[in-house]
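To keep things clear, I will list the structure first and then write my remarks on it.
Number of protein chains: 2
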Amino acid sequence: MVKDSIAPEVVILRLPLYIRALSQMSEEGQTVISSKTLGNRLQITPAQIRKDLSYFGRFGKQGRGYKVDSLIEELTNILGLNKQWNSCIVGVGRLGKAIINYPGFVPEGFKIISAFDNDPSLIGKTVNEIQILPMDEIKSAVKQNDIKIAILAVPSTVAQNVITELLNTNIKAILNYAPIAPKVPETLVLRNIDPVISLQSMTYYLD
Amino acid sequence: MVKDSIAPEVVILRLPLYIRALSQMSEEGQTVISSKTLGNRLQITPAQIRKDLSYFGRFGKQGRGYKVDSLIEELTNILGLNKQWNSCIVGVGRLGKAIINYPGFVPEGFKIISAFDNDPSLIGKTVNEIQILPMDEIKSAVKQNDIKIAILAVPSTVAQNVITELLNTNIKAILNYAPIAPKVPETLVLRNIDPVISLQSMTYYLD
DNA sequence: TAGTGTGAATAGATTCACAGCT
DNA sequence: AGCTGTGAATCTATTCACACTA
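Protein sequences, first through last, are from chains W and S.
With the numbering used here, letter number 41 in the first sequence gets 41, and the count goes up by one each step, no holes.
Quick note, the numbering used here runs 1000 ahead of the 1-based positions in the second sequence.
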């Protein structure tokens, strides 16, 4: 998971939550916020929030709190969300299509440049204005368009193979929807979206 | 998150991964497996696997390993996946429909009994053989059909309200797809599926 | 011999508690 | 007076290392 990072990964995982809550508060007209109020909103202790932020600098004013808008900006910069991140979808079956078409799925700062699939009946078509290209063009397309992120929505049977293929490209991060535990090198950033695992782990707590 | 459980929640979250990997191995004809081999498959240390399992009993044979099929059965029982869990979908917009229609999304042991929405144009229709009912019938339907799990796919603007509504029913667990941090009592089991947060936390690690 | 099960050791994350600023 | 920033203390999770056994 890269980066001899000052901040632990759990902390990084919370920063987007902070941004989201702060953005809502900003829209609601809040200009200043305390760690207590923010924590209350997110069910996170104030101490945790302050500690998290302290990995990156000193953004608050003692006795007052944090300026909402400037904290949003700081966090956005820390995460690199001020840039545009070119992305691609790999696999344009039912799931891939749903992702591409889901409005507001891809947040600001991310752009899906192209989609890849091996099904000849899909190639050349476009989904939601995104061109579907054959898999064997992925390496060059990724390079040419400076794509760093792949959203993987292929069947689990081929997922590991596709991932291995992606390792040959300039892809640096994979958001994986296939229900597998992929083997990737330390240098690649991976997140799994796996609702089935979530479901199956909930039942333990039900009587 | 309930259950003065012997086992920490992180452990519970890994058990479904073990089941999945073991099932694949079983299909591949493996009958016996060591913690080392399993760990290798899942990128988890053997010590961790043994420790995790030790919370629930002694399932292995020293010098040999674990019998694949009986370990699957043990873990299935521990998680309560031997029963059928009646579930419902709340919100039958684009996302809800995608979930209902996605083949193999809902794993064995789970059954989606009904769907709820407030849109009058949807009510009475069926999606993939599942009836769409109005929201105000949810309490009685949940009771009547012994539904314990809700899959929440409503717009984030109404998500917290809907969750508050769910708290009045017999729903015990929520798989939440809305991009919010819901407030729920300790007694309710909650998992969030939030690909946007995942995306936004990946960029930190990209140059 | 190969691999489990588990206390003890280590590493990591969260919370406490308070000095210090506005 | 109110709230930040942060070392120190605590709590939690992971890994080690080895006695034990099939």
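Each residue gets a CB set at the ideal place from its N, CA and C atoms; glycine is no exception.
Note that the coordinates shown come from a computational prediction; the quantities given were computed from them, not determined experimentally.
With a threshold of 6 Å on Cβ separation, who are the neighbours of residue i within its own chain once the five nearest residues in sequence on each side are excluded?
| i | result |
| --- | --- |
| alanine 1007/S | Tyr1055 |
| alanine 159/W | Ala178 and Ile180 |
| lysine 79/W | A quick correction: the sequence has leucine, not lysine, at residue 79/W. Leu15, listed in sequence order. |
| isoleucine 27/W | First, the residue type needs correcting, since residue 27/W is glutamate and not isoleucine in the sequence shown. Closer than 6 Å at the Cβ level, and outside the excluded window around glutamate 27/W, lies no residue. |
Could you confirm whether any beta carbon from chain S is found closer than 9 Å to the beta carbon of residue i?
| i | result |
| --- | --- |
| leucine 133/W | no |
| alanine 98/W | yes |
| aspartate 146/W | no |
| leucine 79/W | yes |
| aspartate 207/W | yes |
| leucine 152/W | no |
Report yes or no: is there a C-beta of chain W within less than 9 Å of the C-beta of residue i?
| i | result |
| --- | --- |
| methionine 1025/S | no |
| threonine 1286/S | The first residue shown for chain S is 1001 and the last is 1207, placing residue 1286/S beyond what the model contains. |
| proline 1185/S | no |
| asparagine 1101/S | yes |
| leucine 1083/S | In the sequence on display, residue 1083/S carries lysine and not leucine. Cβ-Cβ to chain W under 9 Å: yes for lysine 1083/S. |
| glycine 1109/S | yes |
| valine 1002/S | The predicted position of valine 1002/S is uncertain, since its pLDDT is 44 and thus under 50; no value can be drawn from it. |
| phenylalanine 1116/S | no |
| valine 1106/S | yes |
| leucine 1122/S | no |
| isoleucine 1149/S | yes |
| threonine 1126/S | no |
| threonine 1037/S | no |
| threonine 1164/S | no |
| isoleucine 1006/S | no |
Can residue i and residue j be called in contact, C-beta distance under 9 Å?
| i | j | result |
| --- | --- | --- |
| isoleucine 1149/S | asparagine 1086/S | yes |
| serine 1201/S | isoleucine 193/W | no |
| glutamate 73/W | glycine 57/W | no |
| valine 1090/S | valine 1162/S | yes |
| leucine 1071/S | leucine 1022/S | yes |
| isoleucine 171/W | arginine 191/W | no |
| glycine 1060/S | arginine 1050/S | yes |
| phenylalanine 99/W | isoleucine 147/W | Correcting the residue identity first, residue 99/W is isoleucine in this sequence and not phenylalanine. Not closer than 9 Å, so no. |
| aspartate 1217/S | proline 1103/S | Outside the modelled stretch of chain S, which goes from 1001 to 1207, sits residue 1217/S, for which no answer is possible. |
| serine 1114/S | alanine 1141/S | yes |
I'd like the list of long-range same chain contacts for residue i, defined as Cβ closer than 7 Å, with 5 residues on each side in sequence excluded.
| i | result |
| --- | --- |
| methionine 1025/S | Ile1033 and Val1068 |
| valine 11/W | Asp52 and Tyr55 |
| leucine 1081/S | Gly1109 |
| threonine 1076/S | Ile1019 and Asn1082 |
| valine 1106/S | Ile1112 |
| lysine 139/W | Asn168 and Thr169 |
| serine 1156/S | Ala1178, Pro1179 and Ile1180 |
| glycine 65/W | Val32, Ile33 and Ser34 |
So, for residue i: in the same chain, excluding its five sequence neighbours on each side, which residues have a beta-carbon less than 8 Å away from its beta-carbon?
| i | result |
| --- | --- |
| asparagine 1101/S | Val1127 and Asn1128 |
| leucine 167/W | Val184, Pro185 and Leu188 |
| alanine 47/W | Ser35 |
| glycine 1029/S | none |
| alanine 1153/S | Ile1089, Val1090, Gly1091, Val1092, Gly1093, Leu1095, Gly1096, Ile1099, Tyr1177 and Ala1178 |
| lysine 1143/S | Thr1169 and Asn1170 |
| isoleucine 1123/S | Asp1117, Ile1132, Leu1133 and Pro1134 |
| glutamine 1084/S | Gly1109, Phe1110 and Lys1111 |
| leucine 13/W | none |
| isoleucine 1130/S | Ile1089, Ile1100, Ile1112, Ile1113, Ser1114 and Ala1115 |
Could you check if residue i belongs to the surroundings of the ligand MN, using beta carbon to heavy atom distance under 8 Å?
| i | result |
| --- | --- |
| alanine 21/W | Inclusion of the ligand MN in the displayed structure is not the case, the ligand content being empty and no account of it being possible. |
- Query: Using a Cβ cut-off of 8 Å, which residues of the region 1048-1070 of chain S contact any Cβ in chain W, in chain order?
  - Reply: none
- Query: Do three or more CB pairs link the region 1013-1026 of chain S to the region 1036-1046 of chain S at distances below 8 Å?
  - Reply: These segments touch.
- Query: Between the region 1010-1034 of chain S and chain W, which residues of the former have CB atoms less than 8 Å from a CB of the latter, in chain order?
  - Reply: Cβ contacts with chain W: Ile1012, Leu1013, Leu1015, Pro1016, Leu1017, Ile1019, Arg1020 and Ala1021.
Contacting positions in the region 166-180 of chain W - beta carbon closer than 9 Å to chain S: If you check each beta-carbon in the region 166-180 of chain W against every beta-carbon of chain S, the ones closer than 9 Å belong to Lys172, Ala173, Ile174, Leu175, Tyr177, Pro179 and Ile180.
**Message:** Can you pull out the residues from the region 1189-1200 of chain S whose beta carbon lies closer than 7 Å to at least one beta carbon of chain W?
**Reply:** Val1189, Arg1191, Ile1193, Pro1195, Val1196, Ile1197, Ser1198, Leu1199 and Gln1200
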